[in-house]
Amino acid sequence: MASLSATTMREIARLERDAAVLHLSRHFQWKDFEGDDKKHLHQEFVYDNVMYAVKRGVPWAAVVQVAKMTKELLPEVKGLEMSRAVALIRERLSEGKLQLSPGHQTALFNFIVDTYVRHHKLYHAFLHGEVNLKHKEMQLEIHVPSVPLPLVQGTDVQEQERQQALEELMLALSEKQEEICQFKQKAEAQLMAKMQVGLDDLQVDRLSKQAVGKVVREVLQAQGRLIMDTLIKEVNLTHELLELRLKQKLLL
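Throughout the sequence shown, residue numbering follows the UniProt record's numbering, covering 1 to 252 in sequence.
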């Protein structure tokens with residue numbers, strides 16, 4: 001088993017998913033779970049978190065530490081209540097040996113929570129050999145701030161131009177907030193739909209252990225990719241919103 005280095009991690013990041021998972025797995029011993037399916041799920045969990053760290057621009061040396069941390073993390077959270085699992089994830093990410101910036105630490109925490117905690121029952125069922133799951137769907141209601149009332153027009157030409165620009169900016173802010181709201185609602189609906197499909201597959205009678213493992217991996221892979229794309233899109237939208245608010249502050 002060769003040691004994992006920053007150079008090796010760069011090579012892994014350039015490979016296709018299956019080849020990359022295989023390459024990454026050769027740098028660890030996988031004794032925490034019995035059975036090839038569970039070990040493969042463990043390996044993919046590590047790979048997904050590593051690739052998210054790469055896409056977020058985490059330094060390569062820190063990506064290596066992320067791989068080691070997440071490899072140890074899944075066996076540690078196995079069987080824990082959801083609240084305790086979240087607390088443990090936060091503890092592991094805050095350890096100094098990871099050398100993550102506050103922004104990277106927060107982003108990685110959100111990604112792990114979304115990919116593991118959101119699928120807590122799926123992981124629990126597969127790692128414990130259970131296949132009968134009940135899914136409870138939750139509806140989230142998001143309230144968007146109302147559009148501010150128009151500002152009083154000034155008599156000075158420059159003041160009038162300033163207030164006109166401010167009104168246009170307020171409209172842009174409202175539209176951006178509405179865009180973020182609609183994006184979150186659409187993303188939530190997509191996530192729930194994919195989750196439901198996976199759960200429906202798990203409820204089919206007489207599924208073999210190998211079939212259950214395949215369904216779980218497919219659901220988690222699809223959810224992981226969707227969550228990663230969703231988080232990146234949401235970060236970009238939020239950044240655009242902050243830029244608009246900064247312009248608003250300069251006009252006030």
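Ideal Cβ positions, reconstructed from N, Cα and C, are used throughout, including at glycine.
How is the alpha helix (DSSP H) around residue i delimited, first residue to last?
i           : result
Gly103      : Pro102 to Ile112
residue 256 : Nothing about residue 256 can be read from this structure; the chain reaches only from 1 to 252.
Thr7        : Ala6 to Ala13
Leu88       : Met82 to Ser94
Could you give the DSSP three-state label for residue i: helix, strand or coil?
i      : result
Gln65  : helix
Arg26  : coil
Gly154 : Its pLDDT being 44, under 50, Gly154 is placed unreliably in this model, and the coordinates cannot settle the point.
Leu133 : Below a pLDDT of 50, predicted positions are generally treated as unreliable, and Leu133, at 40, falls in that range; the measurement from the model is reported next regardless. Leu133 falls in the coil class under three-state DSSP.
Met1   : For Met1, the pLDDT reaches just 44, beneath the cut-off of 50, and the residue's location in the model is therefore unreliable, although a value from the coordinates is still provided. The answer is coil: DSSP assigns Met1 none of H, G, I, E or B.
Asp32  : coil
Lys78  : coil
Gln99  : coil
Arg217 : helix
Gly57  : coil
Glu16  : coil
Measuring alpha carbon to alpha carbon, tell me which residue in the options is nearest residue i.
i           : options                           : result
Glu168      : Leu244, Thr7 and His23            : Leu244
residue 300 : His23, Ser83 and Leu15            : Since the displayed the chain opens at 1 and closes at 252, residue 300 lies outside it and no answer follows.
Gln40       : Ala20, Glu188, Val58 and Gly79    : The sequence shown places His at residue 40, not Gln. Measuring from the Cα of His40, the nearest candidate turns out to be Ala20.
Leu250      : Glu178, Leu220, Gln163 and His239 : Gln163
Val186      : Lys233, Glu175 and Leu166         : Position check: residue 186 holds Lys in this sequence, whereas Val was assumed. Comparing Cα positions, the closest option is Lys233.
Asp37       : His27, Ile112, Glu188 and Lys214  : Lys214
Glu178      : Leu246, Leu237 and Arg26          : Leu237
Glu44       : Arg84, Gln105 and Trp30           : Trp30
His104      : Arg56, Leu220 and Gln182          : Arg56
Pro59       : Arg26, His27, Leu74 and Arg10     : Arg10
Ala189      : Met170, Gln223 and Leu171         : Gln223
Might you give, ordered along the chain, the residues of its own chain that have their beta carbon closer than 7 Å to the beta carbon of residue i, omitting 5 neighbours on each side?
i      : result
Met69  : Arg92 and Leu98
Ile12  : Ala20, His23 and Leu24
Phe109 : Ile89, Arg90 and Leu93
Val46  : Leu24, Ala67, Thr70 and Lys71
Cutting at 8 Å between CB atoms, please list the residues of its own chain near residue i, excluding the five before and the five after it.
i     : result
Leu80 : Leu88
task = Say whether the region 79-99 touches the region 60-70, bearing in mind that this needs 3 or more beta-carbon pairs closer than 8 Å, one atom from each stretch.
result = In the pairwise beta carbon analysis, the region 79-99 is classified as touching the region 60-70: at least three pairs are separated by under 8 Å.
query = With contact counted as at least three CB pairs below 8 Å, one residue from each stretch, are the region 218-228 and the region 39-52 in contact?
reply = In this structure the region 218-228 lies against the region 39-52, because at least three pairs of beta carbons, one per stretch, are closer than 8 Å.
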